[in-house]
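Q: After the structure tokens below, expect a handful of questions from me.
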Amino acid sequence: MTVPVPRQAVRPRRRRTALYAASLLCCSVLLTALPGGASAAPAPSPAAVSFADEFDGPAGSAVDGSKWRLETGDNVNNHERQYYTGGNDNAALDGQGNLVITARKENPGNYQCWYGTCEYTSARLNTAGKFSAAYGHVEVRMKVPRGQGMWPAFWMLGDDFGNVGWPQSGEIDVVENVGFEPGTVHGTLHGPGYSGADGIGAGYTLPGGAAFADDFHTFAVDWAPDSITWSVDGTVYQRRTPADLGGREWVFNKPFFLILNLAVGGYWPGDPDASTPFPSQLVVDYVRVTTGD
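Last residue of the sequence shown: 289 in the numbering used here, with the numbers rising by one and none dropped.
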């Protein structure tokens, strides 16, 4: 269901706000480099898998309802253009071990959005009430779409969102991409006093002018008490601790749940244009969370 939240001042690179009663988001980035440059990700310690979805199943089937719930509705707070649908209309397995989230320029259900009759459909799913964890290695392997206005993301919200609201709940953006930056992804933290355009984060750019839509890539965070480290394909590009917050509250020492979505348009990516291909697909190979024994 749609969760009404107060509108905030429009700022550059503004992030999405939530639909499901346990999910809300608003996001942006401050591009900062990892001190000393990017490095190899640390070798993982012995770990137990606490969540995994390999998206195996027949082509056209819906996601595993014991692991995921699908949100439905629009999103006025970021001025996104899509309507998120349920079932397997916009989120389905491809029969080859992938989840495909498809954004379409269509409205077969006559869905209504904040701006009138919706122009696009897509999907957003989360694990609220089904899985959450504090700390560990959180990883997704996926191939993002290309095109102006596309906004795929894999991210997390604090389990206490329903009680404390956002940004007090905290938000960890494992990876976001906006279509006008085909070779760059972003990882960001949001919390009280550092949310929206003031989120704390960094970007990672592929070498040689490559685009993330050209192939699958692995995006991860290694999350421990009082530290979160981001990597792309095993290369670390950012580490954050309470020292980065300038005395503001670190709200990341508690359980968070997972969210996957493909937004269309919004304050940060801008709207699609005539060059944007539809249908547009976010293809997810797997999602895994491992925690120490």
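We put the beta carbon where it would ideally sit given N, CA and C, even for glycine.
Check each candidate in P238, P221, L202, H186 and name the one with the smallest Cα separation from S227.
A: L202
Q: Give me the DSSP bridge partner(s) of V285.
A: F47, V134
Q: The alpha helix (DSSP H) with G158 in it runs from where to where?
A: 157 to 160
Q: Hey, out of D240, A207, A209, whose CA is closest to D222's CA?
A: D240
Q: Among the candidates A206, R236, A130, R100, whose CA atom is the shortest distance from the CA of P273?
A: R100
Q: Taking only the alpha-carbon atoms, compute the straight-line gap between V285 and G179 and give it to the nearest angstrom.
A: 26 Å
Q: Identify the continuous beta strand (DSSP E) that holds W226 and give its terminal residues.
A: 223 to 228
Q: Which residues in the same chain as I224 place their Cβ atom closer than 6 Å to its Cβ, once the five residues preceding and following it in sequence are excluded?
A: V217, R236
Q: Below 8 Å, how does it come out for the segment 113 to 124 and the segment 53 to 67: are there three or more Cβ pairs, yes or no?
A: Cβ pair count under 8 Å is three or more, so yes.
Q: What residue from G82, V170, D211 has the CA that sits closest to G197's CA?
A: Of G82, V170, D211, the smallest CA-CA separation from G197 is found for V170.
Q: Does the separation of the CB atoms of V247 and G154 fall below 9 Å?
A: yes
Q: Rounded to the nearest angstrom, how far is the Cβ of N94 from that of V279, given a contact under 8 Å?
A: V279 and N94 do touch by the CB rule: their CB atoms are close to 5 Å apart, below 8 Å.
Q: What does a CB cutoff of less than 7 Å around A55 pick up in its chain, not counting 5 residues either side in sequence?
A: L89, D90, G91
Q: Assign A270 to one of three DSSP states: helix, strand, or coil.
A: coil
Q: How big is the Cα-Cα spacing for S141 and S276?
A: According to the sequence shown, residue 141 is Pro rather than Ser. About 6 Å.
Q: So, at 7 Å on beta carbons, what are the nonlocal neighbours of P238 in its own chain, with the 5 sequence-adjacent residues on each side left out?
A: Excluding residues within five positions, the ones whose Cβ falls inside 7 Å are D222, W246.
Q: According to DSSP, simplified to helix, strand and coil, what is D70?
A: Coil.
Q: Is the distance from the Cβ of A193 to the Cβ of K139 below 9 Å?
A: no
Q: When you compare the CB positions of G261 and H75, do they come within less than 9 Å of one another, or not?
A: yes
Q: What residue range is occupied by the uninterrupted beta strand (DSSP E) comprising S118?
A: From DSSP, the beta strand (DSSP E) with S118 extends over 116 to 118.
Q: When the distance is taken between beta carbons, is E102 closer than 9 Å to Y80?
A: no
Q: What three-state label does DSSP hand L293 in the structure shown?
A: Residue 293 lies beyond the range of the chain shown here (-3 to 289); nothing can be said about it.
Q: Please determine, among S57, Y111, F215, the residue with the shortest C-alpha to C-alpha distance to D267.
A: If we check each option's Cα against that of D267, Y111 comes out closest.
Q: Tell me which same chain residues have a C-beta within less than 8 Å of the C-beta of S271, skipping the five on either side of it?
A: Excluding residues within five positions, the ones whose Cβ falls inside 8 Å are G143, Q144.
Q: If we count the other Cβ atoms within 10 Å of its Cβ and call it buried at 16 or more, is A149 buried or exposed?
A: buried
Q: Across which residues does DSSP place D218 in a beta bridge pair?
A: H133, T225
Q: For G230 and S128, what's the separation of their Cα atoms in angstroms?
A: 24 Å
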